[in-house]
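Novice: Pasting in a structure now, in C-alpha cells, and then I'll have a few things to ask.
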Amino acid sequence: MRAWEIQSGFGLANLRLAERPDPQPGPAQVLIRVRAVSLNFRDLLTVEGKYNPKQKLPLIPCSDGAGEVVALGEGVTRVKPGDRVCGIFAQRWIAGEPNREKLRSTLGGPFDGMLAELVVLHEEGVVVVPPHLTWEEAAALPCAGVTAWSALVTHGRLTAGDTVLLLGTGGVSIFALQFAKLLGLRAIITSSSDEKLERARQLGASGLINYQKKPEWSGAVRDLTDGAGADLVVEVGGAGTLEQSLRSVRMGGTICLIGNLAGLMAQVPLALVFMQQVRLQGILVGHREGFEAMNRAIAQHEMRPVIDRAFEPEEARAAFELMAAGGHFGKVCVRV
Ligand SMILES: NC(=O)c1ccc[n+]([C@@H]2O[C@H](COP(=O)([O-])OP(=O)(O)OC[C@H]3O[C@@H](n4cnc5c(N)ncnc54)[C@H](OP(=O)(O)O)[C@@H]3O)[C@@H](O)[C@H]2O)c1
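Using this note's numbering, the letters of the sequence shown correspond one by one to residues 105 to 440.
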C-alpha cells in the first residue's frame with residue numbers, strides 16, 4: 105500500500121510517499137481502506153517537529169480520516185465490511201474523563217495516522233459516520249468536529265438563544281459555527297478577511313468582526329451583546345487572543361481554551377478571570393461517546409462540514425502548505 109510518511113527528519117520536505125506492506129487485522133481489529141483525510145493544525149505542527157520533537161520516525165501523519173471497512177479480525181462485532189467509518193482521535197478514550205493512558209493512543213502521533221491507503225484500528229477505535237456525508241466531509245469529523253462539539257455541548261452548559269464567540273474561520277471555528285446554528289445559539293465570529301466573514305454570515309453568523317481592522321475586538325463583542333459579553337468563547341488563538349477573549353466573555357461565562365494559533369505563552373490580567381467568575385475550560389478533542397452524539401446530531405440535521413479544498417493523494421504536501429498559509433475556510437482534505 106501507499107502511505108505518506110514523515111521519514112528521516114521533520115519538515116515538509118521530509119514528508120514522502122512510501123510503499124509499506126499491506127497491514128493485516130489481528131483479533132478485535134478492522135482493516136480500513138481510507139478514502140479521505142482531513143488536516144488539522146496539529147498535523148502541520150507534527151510534520152514540522154513542533155508538536156512533539158521526540159516523536160519516533162517514520163510516522164504516518166494525520167489523526168483524521170474516513171474509509172470503508174474491508175476486512176475484520178477475529179471476534180469483531182462493532183462493525184462489518186462495507187461500513188463507512190472514521191478512526192477516533194484518541195483510540196482508547198471511549199468515555200469519561202481523560203487520563204494519560206487514554207491520551208497516549210492518539211492517531212498521527214504517537215500512533216501512525218490515517219494518511220495511508222490501508223489502516224488497521226481496534227474495533228473500539230472507530231465510529232460509523234452519518235450516511236449523507238461524502239468521504240471528505242466524514243474525514244473532517246474526528247478532531248475539529250469533536251473539539252467544537254465538546255466545547256459547545258459536552259462542556260458548554262449552553263441553551264438556545266445564548267451567544268458564542270468564535271475566533272477565525274479555521275476548521276474548529278467553522279464546525280462551532282455550524283453547531284451553534286444547529287443548537288439555536290447566536291454566533292459572533294472574527295476573521296482577518298471580510299470575504300471570509302461574508303461566508304460566515306451565509307453560514308449563520310450574525311456578528312462579524314475583522315480582527316485585523318479591530319485589534320481590540322472585545323469592544324465590538326460588547327457592542328453586539330448590549331454590553332453583557334458572550335456566554336462562551338471558543339478560544340483557538342491562545343496567547344495572542346486570550347486577553348481580548350476575557351474582555352469579551354460575560355460575567356460567569358466560559359472560555360473553552362483550545363488552541364494556540366496566536367501563541368502558547370500568555371500573560372493576562374488574572375483579575376479578569378476571578379472578578380468576572382469566568383470558567384476557563386481546557387478542551388482536548390473529546391471521547392468516542394461525544395463523537396457518536398455529534399454524529400447523531402449531524403445526521404438528524406443533515407449537516408455538511410465545510411470543506412475548503414480536497415487535494416489529490418500526490419498533492420498532500422500542497423495541502424499542508426495551504427494550511428500553513430491560513431488561506432483556507434473550514435477544512436483542508438486529501439483524497440487517498
Ligand atoms: N485542544 C484541542 O483538542 C484542539 C483540537 C483541534 C484544534 N486545536 C487547536 O485549535 C487551533 C485551531 O485549529 P484549527 O484546526 O481549526 O486551525 P486552522 O484550521 O489552521 O485555523 C486557521 C485559522 O485560524 C485563524 N486565526 C489565526 N490566527 C488568529 C488570530 N490571532 N485570531 C483569530 N483567528 C486566528 C485564521 O482565520 P482567518 O483566516 O479567518 O483570520 C486562520 O485561517 C489550533 O491551535 C489547533 O492546534 C486544539
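The beta carbon of each residue, even a glycine, is placed where N, CA and C say it ideally should be. Just so it is clear, the structure is predicted and the values come from calculations on it, not from any experiment.
Which term fits G130, buried or exposed, when burial requires 16 or more other beta carbons within 10 angstroms of its beta carbon?
Specialist: exposed
Novice: Could you give the distance in angstroms between the alpha-carbon of M369 and the alpha-carbon of T294?
Specialist: 21 Å
Novice: Let's test the definition: count the other Cβ atoms within 10 Å of the Cβ of P165 and tell me whether it reaches 16, buried, or not, exposed.
Specialist: buried
Novice: Please go through the stretch 154 to 213 and give each complete alpha helix (DSSP H) segment of 4 or more residues, from N-terminal end onward.
Specialist: 204 to 207
Novice: Let me check you understand the geometry: is the CB of G191 closer than 7 Å to at least one non-hydrogen atom of ligand 3?
Specialist: In the structure shown, ligand 3 is absent; the only ligands present are ligand 1.
Novice: If A170 sits next to W253, beta carbons under 8 Å apart, how far is it from one beta carbon to the other, in whole angstroms?
Specialist: Between W253 and A170 the Cβ distance is about 17 Å, and since that is not below 8 Å, they are no contact.
Novice: Can you tell me whether DSSP reads M355 as helix, strand or coil?
Specialist: strand
Novice: Exposed or buried, which one is R400 when buried takes at least 16 other CB atoms within 10 Å?
Specialist: exposed
Novice: So the candidates are V382, V436 and I192; which of them puts its Cα closest to the Cα of V250?
Specialist: I192
Novice: With respect to 7 Å, is the separation between the Cβ of M427 and the closest non-hydrogen atom of ligand 1 below this value?
Specialist: At least one heavy atom of ligand 1 is nearer than 7 Å to the Cβ of M427, so yes.
Novice: What's the C-alpha gap between G308 and E241?
Specialist: 19 Å
Novice: Is it right to say G342 is buried, meaning 16 or more other beta carbons lie within 10 angstroms of its own, or is it exposed?
Specialist: buried
Novice: Since L176 and P185 are thought to touch, with beta carbons under 8 Å apart, how far apart are those beta carbons, to the nearest angstrom?
Specialist: 7 Å
Novice: Comparing alpha-carbon positions, which option in Q306, G311, A280 and K317 lies nearest S297?
Specialist: K317
Novice: Flag G153 as yes when its Cβ comes closer than 7 Å to any non-hydrogen atom of ligand 1, and as no otherwise.
Specialist: no
Novice: With distances taken from CA atoms, which of L119, L149, G394 and F433 is nearest W197?
Specialist: G394
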